[in-house]
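What follows is a single structure, written as structure tokens, with notes after it.
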Amino acid sequence: MKYPVRVRFAPSPTGTLHLGGARTALFNYLYAAKHKGCFHLRIEDTDVKRSKQEYVDEIRDSLRWLGLNWDGPIVFQSERKTNHRYAVRQLLKADKAYRCFCTVEELKKERENAIKSGMGYQYSGKCLDLTLSQIKLKINGAEPFCVRLKIPRGMTKFTDLIYGKISVMNKEIDDFIIQRSDGNPTYNLTVVVDDSDMEITHVIRGEDHLTNTPKQILIYKMLGKRIPKFAHLPMILGPDMKRLSKRHGASGVQEFHRQGYLPQALLNYLALLGWNPDTDQEIFTVDELINNFRIEQVQKKAAVFDEKKLLWVSGQHMAQSSSKELFDRIRRLNPDWQIDTDKDYLLRIIDIQKKRIKKLSEIITQSDFFFEDPGTYDPKTAKKRWRDETINKLIRGYIHRLSQLEEWTEKTLESELRELAEEMNVGASKLIHATRLAITGIPHGPSLFLLMELLGKAICLRRLKVALERLPLLLDSDEEGVGS
RNA sequence: GGCGCGUUCGUCUAGGGGUCAGGACAUCGGGCUCUCAAUCCGGAAACACGGGUUCGAUUCCCGUACGCGCUACCA
């Protein structure tokens, strides 16, 4: 039973790539990588009305961003119509399928009646009994028809790699349509023909396809094709326990991209959603995911998407990533970010920030004070940390010491401050908080002395002096802040 | 309605006939600390329900409930 593994991810371009699709793609990718097989991308665009080129582009870009690279060219289902029609003709010829001349309206009425009377609806099989001459007459009269599969008696069974043994009585399966009256084949037919032609060995897809599988197996058998193995992945749910969708806010891969998540973090989180690695490890590189991945370890139960945990995973990956990589990603996310600033300086900022924030975007939004003097001072903090005249005295003293300082390092900056505090008989933190406010304008941020070292002597002295002029004004005024 | 699938802390999960039902995120409390974050320590928090089988069931079996999916000339 040794044959190369070939899997595929087959989204329909009727929407953007969402988290469920991304996870399906990921598990296919992991399975292929783990078994040294290949991973293909097929776009299922047989629904002409709903398929859009922009979605094809979006799905492709999302997969690339995630790093889920596929082998070979993208297969477009719409370009494979000849093969689909050939299969339909074969089934027709072998009397395994039949033409149905019922109109959509007729069928709709039948279904409504059936539902009204509380019965489960199945196609009546009306056209199954048409005689050859009747069929010819209708065809000659250019009556439109679709093609239905003639479901045989019996039972269809298969063993799902995740769900185990599944069996269905064939009588539960309707004579479903495999070709529309416009000549276009439908999903259950195309998927079989394409998977078969692409020699897919393992069909890994969402659980919503579990009940389609027996139908497809029937087609494989009728066509005399080898049946691949199946693995169905549990659904991803929103907080309301419903299948995740746009309704739940962010669910598209690109939205997470834009929000500044790292692709490896998203993959890591998605992998953990519904799969257990059999260890206590939570943070994985993609290579580690590949090595550890076992499809048998995938859950049967649907999982709720939890952005809080994603955020935590993201923070872990941020801290682990090289500043160079983060820099490149920030630039790709936001090409204009500090474009005139020296790259080494930016790299040092990232060194400092990556340990305390969780997304790329936070490096951008929380680093202003590295580039510009504070325009305003946080009023609450000003009231708290710059309460009286003694602060002015302390800051003046610190300025004095700093201006004479030769070696401008985190260490010397700190010792100067602490010596001063002791000399003046105040707690060091009092001075530290005031200095932070003067230098950044806000009450939180990375280590003050590290920050000051990086900013350099000139800037720090300037900011301290300016603060000395502006902050005491806050004491007298009732205004909510001191603007520039 | 029919069929299929599922059900362990709020969430992701481990476990499996006898366990203090374990871990992670989130949450709460504390330590460290110049703030925020990170980190460390600690707390609260779960076997859907009912019947069997058994000395014993969260674990095995059968039901019920609930949820999800499919039931389209969507994929």
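At position 392 of the first sequence (counting the first as 1) the number is 420 in this note's numbering, and the numbers step up by one without a gap.
Where a beta carbon is used, it is the ideal one built from N, C-alpha and C, also for glycine.
These numbers come from a predicted model, not from an experiment.
Nearest-angstrom Cα distance between residue i and residue j?
i    : j    : result
L17  : D368 : Outside the modelled stretch of the chain, which goes from 29 to 512, sits residue 17, for which no answer is possible.
K439 : F477 : 7 Å
V196 : I392 : 55 Å
G135 : Y114 : Residue identity differs from the one stated: residue 135 is Leu in this sequence, not Gly. Cα-Cα distance, rounded: 26 Å.
H63  : Q327 : 20 Å
Q150 : Q292 : 46 Å
Y191 : L238 : 9 Å
Q287 : D225 : 40 Å
P101 : T44  : 20 Å
Y57  : R34  : 10 Å
G48  : T313 : 20 Å
H260 : T52  : 9 Å
L496 : T437 : 23 Å
Y289 : K274 : 18 Å
N487 : L445 : Note that residue 487 is Ile in the sequence shown here, rather than Asn. Cα to Cα, I487 sits roughly 17 Å from L445.
P32  : L265 : 33 Å
L272 : N296 : 18 Å
K193 : Q244 : 16 Å
M183 : L158 : 26 Å
T187 : K257 : 8 Å
L375 : D416 : 38 Å
C128 : K336 : 52 Å
D306 : D372 : 41 Å
P474 : A331 : 36 Å
T409 : I419 : 13 Å
D506 : G469 : Any answer about D506 is weak, because its pLDDT of 49 lies below 50 and its placement is not dependable; what the coordinates show is given next. Their backbone Cα atoms lie some 18 Å apart in a straight line.
H276 : A462 : 43 Å
V510 : R424 : Confidence in V510 is poor, its pLDDT being 44 and thus under 50, which makes the residue's placement unreliable; the coordinate value appears in the next sentence. About 20 Å.
L433 : E450 : 18 Å
E508 : L94  : At E508 the pLDDT is 46, less than 50, meaning the model places this residue with poor confidence; the figure from the coordinates comes in the next sentence. Taking the straight line joining both Cα atoms gives about 45 Å.
V132 : K164 : 21 Å
Among the options, whose alpha-carbon lies nearest the alpha-carbon of residue i?
i    : options                : result
K386 : L338, I377, P402       : L338
I318 : A60, A38, P39          : A60
R139 : D202, Y126, E86        : D202
L119 : H472, G252, L433       : G252
F37  : F55, E107, L272, L69   : L69
K121 : G65, K178, I311, Q366  : K178
N304 : R322, Y289, E316       : R322
I71  : H461, V219, D416, V341 : V219
E2   : D85, C66, S40, S90     : This structure does not reach residue 2, given that the chain is present from 29 up to 512, and the question cannot be answered.
L96  : D85, V175, G425, F67   : F67
L479 : P262, D401, I380, I358 : I380
R359 : G484, D123, L160, H285 : H285
P262 : Q309, H276, F333, N198 : F333
R108 : L433, K166, G473, T214 : T214
F397 : W414, L422, Q366, Q432 : Q366
W98  : K485, R88, V132        : R88
K185 : V175, N198, C174       : N198
R176 : I255, Y126, E435       : Y126
Q325 : G280, L189, A142, D75  : L189
G484 : H472, I467, R498, P471 : I467
R384 : P41, H472, T74, V116   : H472
G280 : M269, K270, L294       : L294
K249 : L388, P267, L217, S350 : L217
G65  : N168, T229, P172       : T229
F399 : K382, E227, I377, I311 : I377
Name the DSSP beta bridge partners of residue i, please?
i    : result
G192 : D188
A259 : I232
C9   : Residue 9 is absent from the structure shown; the chain starts at 29 and stops at 512.
P213 : Q207
F104 : I71
L265 : R271, V332
H46  : G280
M452 : Answer by DSSP bridge pairing: none, since M452 is not bridged.
M183 : M197
(request) Starting from the N-terminal side, write out each stretch of the beta strand (DSSP E) that is 3 residues or longer and does not extend beyond the region 114-178. (result) Counting only runs of 3 or more, we get 125-128, 174-177.
(message) If we require 4 or more residues per run, which alpha helix (DSSP H) segments fall completely within the region 276-327?
(response) DSSP runs (the alpha helix (DSSP H)) wholly in the region 276-327: 281-286, 291-300, 314-320.
(message) Assess contact between the region 203-219 and the region 345-353, defined as three or more Cβ pairs (one per stretch) separated by less than 8 Å. Is contact present?
(response) These segments do not touch.
(request) Could you say if the region 295-309 and the region 404-413 meet the contact criterion of at least three C-beta pairs nearer than 8 Å? (result) No, because fewer than three Cβ pairs between the region 295-309 and the region 404-413 fall closer than 8 Å, the two stretches do not touch.
(message) Can you confirm whether the region 70-86 touches the region 230-248 when touching is taken to mean that 3 or more C-beta pairs between the two stretches lie within less than 8 Å?
(response) Between the region 230-248 and the region 70-86, the count of Cβ pairs shorter than 8 Å is below three; the stretches do not touch.
(request) Only counting runs of 4 or more residues, tell me where the alpha helix (DSSP H) segments fall wholly within the region 370-403, in order along the chain. (result) For the region 370-403, whole alpha helix (DSSP H) runs of length 4 or above, ordered along the chain, are 371-381, 388-393.
(message) Runs of 4 residues minimum, wholly inside the region 429-502: which ones carry the alpha helix (DSSP H) assignment?
(response) Complete alpha helix (DSSP H) runs here, min 4: 438-452, 456-468, 476-483.
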